[in-house]
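Chain order of the listed sequences is S and C. First residue of the first sequence: 3, per our numbering; consecutive thereafter. First residue of the second sequence: 3, per our numbering; consecutive thereafter.
There are 2 protein chains.
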Amino acid sequence: MQKEDLLQTHTRIAPYIHRTPVLTSRLLNEIAGANLYFKCENFQRMGAFKMRGAMYAVLQLSEEQKSKGVVTHSSGNFAQALALAAQSVGVKAYIVMPENAPQVKKEAVKGYGGQIIECASTPIAREEVAAQMERETGAFFIHPSNDLNVILGQGTAALELLEDQPDLHYIFSPVGGGGLIAGTALAAHFIGQNCQVIGGEPFGADDAYRSLQSGQIESNETTQTIADGLRTQLGDINFPIIKEHVEKIIRVEEAEIIAAMKLVWERMKIIIEPSSAVALAALLREKDAYAGQKIGIILSGGNVDVQHLPF
Amino acid sequence: MQKEDLLQTHTRIAPYIHRTPVLTSRLLNEIAGANLYFKCENFQRMGAFKMRGAMYAVLQLSEEQKSKGVVTHSSGNFAQALALAAQSVGVKAYIVMPENAPQVKKEAVKGYGGQIIECASTPIAREEVAAQMERETGAFFIHPSNDLNVILGQGTAALELLEDQPDLHYIFSPVGGGGLIAGTALAAHFIGQNCQVIGGEPFGADDAYRSLQSGQIESNETTQTIADGLRTQLGDINFPIIKEHVEKIIRVEEAEIIAAMKLVWERMKIIIEPSSAVALAALLREKDAYAGQKIGIILSGGNVDVQHLPF
Chain S
3 MQKEDLLQTH TRIAPYIHRT PVLTSRLLNE IAGANLYFKC ENFQRMGAFK MRGAMYAVLQ
63 LSEEQKSKGV VTHSSGNFAQ ALALAAQSVG VKAYIVMPEN APQVKKEAVK GYGGQIIECA
123 STPIAREEVA AQMERETGAF FIHPSNDLNV ILGQGTAALE LLEDQPDLHY IFSPVGGGGL
183 IAGTALAAHF IGQNCQVIGG EPFGADDAYR SLQSGQIESN ETTQTIADGL RTQLGDINFP
243 IIKEHVEKII RVEEAEIIAA MKLVWERMKI IIEPSSAVAL AALLREKDAY AGQKIGIILS
303 GGNVDVQHLP F
Chain C
3 MQKEDLLQTH TRIAPYIHRT PVLTSRLLNE IAGANLYFKC ENFQRMGAFK MRGAMYAVLQ
63 LSEEQKSKGV VTHSSGNFAQ ALALAAQSVG VKAYIVMPEN APQVKKEAVK GYGGQIIECA
123 STPIAREEVA AQMERETGAF FIHPSNDLNV ILGQGTAALE LLEDQPDLHY IFSPVGGGGL
183 IAGTALAAHF IGQNCQVIGG EPFGADDAYR SLQSGQIESN ETTQTIADGL RTQLGDINFP
243 IIKEHVEKII RVEEAEIIAA MKLVWERMKI IIEPSSAVAL AALLREKDAY AGQKIGIILS
303 GGNVDVQHLP F
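Next comes the structure, spelled out in structure tokens:
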């Protein structure tokens, strides 16, 4: 993997994604005691950074592969992202979703032209049903986070952030399945000027923290967190990148996630989902260590049910 | 009043305000059937366009006037705006607020260094108390909307919007006390290329609609609307400008305001207050008449209690 791969990924997906703005806030700078640059992937198409990786993965398919479609399993933003990315280039998308997924998420996938296949609500069931769809239709399976093309796509958010603010000392990113933070770490490594990447992770789903401690992929012991995008775990493709290029992972309490989310809503007047707030929460938890630094924060997405808020 | 006055106002206040972004949304364009350009004054300092007018009014004071401070009466955004504007140049601000104003608003005014004077919750009481403060302290009274400097300041939002998008056919603005729409109308007149200004107003506080019908300033018969920034009425300084330069006013139902607000939250991922949603609601109510046009929409502010939402 080289800098050229990331730059070429960005060029390839640029016509299909938004170049999202980087926002600042005097008040949040005061609260953090540092200079913060928020990369607003909540303004990305379909409302999250996932669009980047999905788009690149779809664009990398051969014409023959495209003709048979793509398949993934996701109950969250990647389901919508793959449906929209596939639709953008006229490719069929099969999305395996748990039968108990929220109706609003199913509607969103349908709205982007995705075909939903329901499965039981267990990790094994969704993998099995996705594998079955792959066999039956010949569709190409794209993993939401453990896929090199997806990782490169997600890295373009930090690439853009570093183009706008080349001299960041740190970038904070949430850690879920590992695609975003792995891509961010590659971007910081290739493009940054000695820019360190730090992950934020809920105590309630801290597989990545423990994986970095033990040196091997650990499973989540619980997935009890409001940050529903971060309940998944690392994979064998993204973990080596994370192990090599991520400085550290800071775990945060649920109350810290909710407080950080409320802070962004009230002070920056933008809507972010709980998973997005985890990166800011991580910085605020250990802010004394980062005082005066120039820090990028990836606001990963804004898909939240405004009728059911945690505050 | 000339184009030069508006340009000079903008130059004068520019160091003290944010040049707010103009956002677009494919989804909202599809829903409206037109090309929309949202001027995001919800990202303005203290969270609303009111900062512009307050800042200009304060900057226009003589040194002697500044030494005695400023006074206004407001339970809403102008209270915060004048406190912050005054603080920005080291001037004392006396803010007359009804005793039953929400604690969070009082705290915000105090946070910006304003001194609160409580009064009974009637229009007459607040005017009397403000006049009394003026007499006692020598502070200069600045009206939230019926003041030429305030109107010019508010007009700089549309000025910036037209600098970014010079060929807008229409600008939609909410109508409350009349300062914003009068300033917007001046900007469209001076800077626009045949750009018409249209107001959005709640049926529950439709003094401006009826004033344009009758040709004289009418009072609100009720002020029952969720759009709490629009419960005030026009004044003798802004009404002549509105009468001359505003194309029409479209009234909207409460349900339309809430629906427009939810649309912006969910689709654009930004936080706007109910008063801000009135302009979009007005456009959507009569969207067939504006199909295919290039339309600016002033999102006037984002100060809303996220713990008490109408949806």
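Glycine included, C-beta positions come from ideal geometry on N, C-alpha and C. Note that the structure is predicted; figures quoted are calculated from it, not measured.
Helix, strand or coil: how does DSSP classify residue i here?
i: residue 1 of chain C; result: In the structure as shown, chain C starts at 3 and stops at 313, and residue 1 of chain C therefore has no counterpart that could be examined.
i: residue 142 of chain S; result: strand
i: residue 41 of chain C; result: strand
i: residue 219 of chain C; result: coil
i: residue 174 of chain C; result: strand
i: residue 104 of chain S; result: coil
i: residue 120 of chain S; result: strand
i: residue 22 of chain C; result: coil
i: residue 50 of chain C; result: strand
i: residue 191 of chain C; result: helix
i: residue 203 of chain C; result: strand
i: residue 112 of chain S; result: helix
i: residue 179 of chain S; result: coil
i: residue 10 of chain S; result: helix
i: residue 304 of chain S; result: coil
i: residue 75 of chain C; result: strand
i: residue 237 of chain S; result: coil
i: residue 60 of chain C; result: helix
i: residue 152 of chain C; result: helix
List the residues of chain C that residue i touches, going by C-beta distances under 9 Å, in chain order.
i: residue 23 of chain S; result: 23 and 25
List, in chain order, every chain C residue whose beta-carbon is nearer than 7 Å to that of residue i.
i: residue 45 of chain S; result: 271
Measure from the C-beta of residue i to each C-beta in chain S and report whether the shortest distance is under 8 Å.
i: residue 313 of chain C; result: yes
i: residue 309 of chain C; result: yes
i: residue 49 of chain C; result: yes
Considering only C-alpha positions, which residue in the set the options is nearest to residue i?
i: residue 104 of chain C; options: C:267, C:87, C:24 and C:81; result: C:81
i: residue 254 of chain S; options: S:277, S:40, S:196 and S:271; result: S:277
i: residue 15 of chain S; options: S:110, S:152 and S:117; result: S:152
i: residue 55 of chain S; options: S:246, S:128, S:92 and S:183; result: S:183
i: residue 302 of chain S; options: S:230, S:313 and S:292; result: S:230
i: residue 47 of chain S; options: S:70, S:68, S:20 and S:28; result: S:20
i: residue 216 of chain C; options: C:96, C:130 and C:245; result: C:245
i: residue 93 of chain C; options: C:75, C:265 and C:115; result: C:115
i: residue 42 of chain S; options: S:272, S:28, S:307 and S:292; result: S:272
i: residue 73 of chain C; options: C:4, C:132, C:234 and C:8; result: C:132
i: residue 35 of chain C; options: C:313, C:287, C:312 and C:304; result: C:287
i: residue 62 of chain S; options: S:23, S:98, S:262 and S:150; result: S:150
i: residue 40 of chain C; options: C:30, C:33 and C:25; result: C:25
i: residue 178 of chain S; options: S:121, S:66, S:258 and S:204; result: S:204
i: residue 170 of chain C; options: C:292, C:77, C:125 and C:297; result: C:297
i: residue 139 of chain S; options: S:196, S:69, S:166 and S:161; result: S:69
i: residue 294 of chain S; options: S:252, S:12, S:33 and S:11; result: S:33
Using a Cβ cut-off of 7 Å, pull out every chain S residue sitting near residue i, in sequence order please.
i: residue 268 of chain C; result: 308
Show which residues of chain S have a CB atom less than 8 Å away from the CB atom of residue i.
i: residue 264 of chain C; result: 308
Chain C partners of residue i, CB-CB under 8 Å?
i: residue 304 of chain S; result: 271
For the ligand GDP, is there any heavy atom lying closer than 7 Å to the beta carbon of residue i?
i: residue 309 of chain S; result: The ligand GDP is not part of this structure, which contains no ligands at all.
Contact list for the region 92 to 112 of chain S against chain C, Cβ threshold 9 Å: For the region 92 to 112 of chain S, the set of residues with a beta-carbon nearer than 9 Å to any beta-carbon of chain C is empty.
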